Structure formats: structure tokens, C-alpha cells
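Below is one structure, written out as C-alpha cells; the observations come after it.
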Ligand code: GLN
């Protein structure tokens, strides 16, 4: 950790900020205000936030500063501000999930993750944009318009958590939260040159996350470095009696692993099925280079085959819509958010109001998945679709189990391509779905995964993501490998990758010119 803090507080790492806060070099109010100023300067162009809570963030910052002045011992990230994905409920602050159907809804309670953030003294800057109900890979399915990739404002920042990734890559927050059902933390991290972890299923509470697919959803940390991600992971994680799938065990030693970054003698398996054809040349080059750097750092590398992974995407697109169609049934116009009365009906029935509200409140992708899910679950088709998908899911979990008998971690590119252009895949759901081909197996099996930057692709100069997967509850291995690779890549690129991103204000001028 460096002791000389970057004078531009928005460029400093969370670890450095935490250190400077603890030693009284800066106050949380100063750090928080610097980020609010940055938001005011650039978010009109990036559109990463759906809601900014300047007052609430500054009040929280003041409280932390007072507690510190009073000599209280505070958590390791106390005073470092954070952005929260709009899928997590926040008491008194809007939570839309990127949907019209929740427009104007103010939750009466905090998600457990949010409770933990507040208790740890992290001021919440605001809520980040996302594909509607976390369905998508680009934020283009947000009812409030897409976020933009700070590397190139004409490109997607990934999805569904593209608000959180673009917040980080445009220095509008040092930390952010995400949720990952099929890749929504890892793929946005990959295409923006940031870091994100999907913890072991059950490692971070799901209480207060608006559910997409309950057996796949997992909240996790997003940041610009492996250590910052670990520090946030440690704050977010741990057992929650309010979530029946929460694991009753301590958070794996992620911070220690990130600080050590030791891969000596570690066995790394390159997944044969997650690479090769269909992956952009520059993605493959950076991936192979990263694997060589890990060998130089002392790891052993072998190729591993997971034959059932080729069915992961098909399996996911039966299980996810099935669970989503059931989870979204609660948006019935009676309980939350939007209520629309059908035109020309004098005394509409509850069902007519429900239908009109859903028609107006849900976007196309959400409707598509509800239709798919109700079809897959309908009697007569249940065994053929949902039942078969569950069996293949077991095969995928068995592939992981067999692979982890041979190796300690598995690696692959995070996404097959770098950031694509806004609009490119919007009319082709299959092309959009294919972006998650490498991230989905981990959700189906519940194992943890991380994406970190592997450098820039030669052909387009855009960030490439490197994915690490570990056995359940061995999340610390992600951080050991991630930190070792990050160190080697920082040498290779002569500094953090994000230093090479275009200065946003300059690119804004270019756009206007
Ligand atoms: N892009 C994937 C989907 O559309 C993953 C979404 C997610 O992880 N929330 O389902």
C-alpha cells in the first residue's frame, strides 16, 4: 500500500483511501464530495447512475468522520464511498431494477448487503443502472436507457451490471456492488477493464436482492483492483439468517490471499471448452499471455476438459426463465410500483389492471423470458424442458467436481469478445446471450468466479477479461491467482490498465466536435 495518496481522490484505490482516512490524511466528507463532483462532471455522458443521493452520502460521511474523531475503532473500509446496483433494496432510496414497473417504488427496508455497507461506514453515492431485472449483457434493456463504456462511449459497458462497471471505469466511485446470475458481475468487469467477483453461491446474502433466478443469483463486489475487490467481499459476505440459502461459515480469507498473491505450486486448469473458435483473436492472445505470466509466477498449468459445459447456455436459458417467470409474478400492480388502468374499460377487473400494468411496465426482454419460462414449466413440457435442464445442470456440477480433483482453479477468457457497439446485438437475443457462454457454468454449479483485466486486445485497443473459477467456498484462490496476475500485468503494461483509458472529458469534447 502506498502512503502518498493520489491528490485526485477519485483516482485513488479504496485500499489507499481507507489508509488515508484511518491516518486522518483526508476526511470521508472530502472523499465523498470529490466523487459527487466527478459524477456531476461526467455522468451525463456515461449514464451510470439511475439515482444519486448526494445528501445521504455526505450525511453518512460526516457520521463516519465524527465517529473516527471520537476515537471509535471502525471497519477497514469506513468512509470509502460506494455505488449500489439498483437491484438491491435501499430504505428510503428508489429501487427500480431498471424497470418501469418499479418506477417510484421506495423500499421500506435495506437488503442485508446494504445493511452491512452502512454498518461498515461506507457512504452510498447512489444506485447504478442495469438491464431490466438483470436480464441482459449490455444495459440496453434498462428502461432508463443504456450506460456507456468509458473506454469508448459508443460501446456497451457490459450487463446487467453495466452501471456498476462504468461507474468504476469512469472514476465515479472506488467501489460498487453487483449481482451475477449468469455473468452480470464478471462480463461487465471484463469489457471495462475492472475487477469483479461472483462469490460462492450462498456466500453473500440474497435478502433484499430483487430476485431474477433464485438458484443462480449471487451478489458480489466490484472494484478496480483485486485487493479492493477482496476488501469489499469481506464486508459484504458472511452468514445471514434471513436467507435460507446463506452458508453458515466465515467468509473465506480473501483479503489475506489478495495481499499475498502467491501462486507457487498452484495447479491451474485451462478449460478446453471455454476458448478457441468463436473467441476474438485479441481475447485469445491476451488470455494465453496471462496464462504464461502465471506460469512465470510459479503456477503449473494443464488443459482440462469439461464436456458438459457446451450445454451450459441452453440449460441456463431454461432454468433462468423458469425461475424468473415465477419470481416476477409478484409484480401484479397491486403491491408495488406502477399501476395502469386499461383504456376504455369503465370498471376494470383486477386481472385487466394487472395485464395493462405488466404490458406497460415490462420491457421486451422481460416479456420474452416470462413467456419462455411459463412455457418450460407448463405441464406436459415440464419434464422435457425444465426437468432435462436440471439433469444437465447436475452434469455440469460433476464436470467441475472432476476438474477440481486435478487442479486448484480453472481459467478461461471471461467473455468471447471485447465491448461491442451499442445497438449491435439488441435485435438478436441469441447473439446477446452468447456473450455469457464462459461465465454461466459457474452459476449453474454455484462455484465462485472472478474477472480481472488481462490487457488490451491488439485489434481494437479494448480491455480483455481473464476469468478464474474455484471450488465452492475456496473464494480465496480467486484472489491469490488474481493478485499474482494483476502484479505481473501491471509490470507488463507499465501501470494499471485504466490509466490507458481515454480521458473522459477529452472524449466528451471529441464527441461534441
Ligand atoms: N446476461 C445474462 C442474462 O441475461 C446474465 C444476467 C445476470 O447475470 N444477471 O441472463
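Residue numbers (this note's numbering): -10 to 502. Backbone N, C-alpha and C fix where the C-beta goes; we use that ideal spot for every residue, glycine too. As the structure is a prediction and not an experimental result, all values here were calculated from the model.
- By the C-beta density criterion, residue 414 is buried, having at least 16 other C-beta atoms within 10 angstroms.
- Boundaries for residue 293: no alpha helix (DSSP H) harbours it, while the beta strand (DSSP E) harbouring it runs 289 to 293, taken from the DSSP string.
- Residues 86, 119, 123, 168, 198, 199 of the same chain have their beta carbon placed closer than 7 Å to that of residue 76, with the five preceding and five following residues left out of the count.
- When only Cα atoms are considered, residue 412 and residue 143 end up about 9 Å apart.
- For residue 393, no beta strand (DSSP E) segment is defined; the enclosing uninterrupted segment is the alpha helix (DSSP H) at 377 to 395.
- Within its own chain, the residues whose Cβ lies closer than 7 Å to the Cβ of residue 235, once the five positions on either side in sequence are excluded, are 191, 194, 228, 229, listed in chain order.
- Put simply, the region 50 to 58 does not touch the region 174 to 190. Fewer than three CB pairs are less than 8 Å apart.
- Residue 419 sits exposed, since fewer than 16 C-beta atoms from the chains shown fall within 10 Å of its C-beta.
- By the CB criterion at 8 Å, residue 35 and residue 126 fall outside the cutoff.
- For secondary structure counted as the alpha helix (DSSP H) over 4 or more consecutive residues, the region 254 to 333 holds these complete runs in sequence order: 270 to 285, 301 to 316.
- Between the beta-carbon of residue 149 and that of residue 183 there is about 15 Å, and that puts the pair past the 8 Å contact cut.
- In the DSSP assignment, residue 429 falls within the alpha helix (DSSP H) that extends over 429 to 434.
- Burial state of residue 117 is buried, judged by a 10 Å Cβ sphere holding 16 or more other Cβ atoms.
- Taking the Cβ of residue 58 as the reference point, every heavy atom of ligand 1 lies at 7 Å or farther away.
- Note on the region 2 to 74: whole alpha helix (DSSP H) runs with a minimum of 4 residues are 3 to 11, 17 to 35, 43 to 58, in chain order.
- Residue state for residue 109 is assigned as coil, using DSSP reduced to three classes.
- Rounded to the nearest whole angstrom, the CA to CA distance from residue 417 to residue 181 is 22 Å.
- A distance below 7 Å between beta-carbons, with the five flanking residues on each side excluded, links residue 226 to the following residues of its chain, in chain order: 188, 192, 193, 240.
- Counting other Cβ atoms within 10 Å of its Cβ, residue 311 reaches 16 or more and is therefore classed as buried.
- Within the model, the alpha-carbon separation for residue 453 versus residue 438 is close to 16 Å.
- Non-local C-beta neighbours of residue 284 in its own chain, meaning closer than 6 Å and more than five positions away in sequence, comprise 290, ordered along the chain.
- Short of 6 Å from the beta carbon of residue 322, and not among the five residues preceding or following it, lie these beta carbons of its own chain, in chain order: 328, 342, 343, 346.
- When the alpha-carbon of residue 429 is set against those of 270, 303, 246, 3, the nearest one is in 303.
- Of the candidates 260, 106, 133, 133 places its Cα closest to the Cα of residue 90.
- Secondary structure of residue 410 (DSSP, three-state): strand.
- Taking the Cα positions, residue 164 is about 13 Å away from residue -2.
- Residue 334 counts as exposed, since fewer than 16 other beta carbons sit within 10 angstroms of its beta carbon.
- The alpha carbon of residue 386 has as its nearest neighbour, out of 62, 222, 351, 431, the alpha carbon of 431.
- Using a Cβ distance threshold of 8 Å, residue 130 and residue 186 do not count as a contacting pair.
- Between the beta-carbon of residue 399 and that of residue 260 there is about 5 Å, and that keeps the pair under the 8 Å contact cut.
- Shown here, residue 452 sits in a strand according to DSSP, grouped into three states.
- In the structure shown, the three-state DSSP call for residue 217 is helix.
- Rounded to the nearest whole angstrom, the CA to CA distance from residue 354 to residue 81 is 28 Å.
- Assigned with DSSP and collapsed to three states, residue 438 falls in strand.
- For residue 165, there is no enclosing alpha helix (DSSP H); the enclosing beta strand (DSSP E) has its first and last residue at 164 to 168.
- Shown here for residue 65: same chain residues with a beta carbon closer than 7 Å to its own, the five before and five after excluded, namely 7, 220 in chain order.
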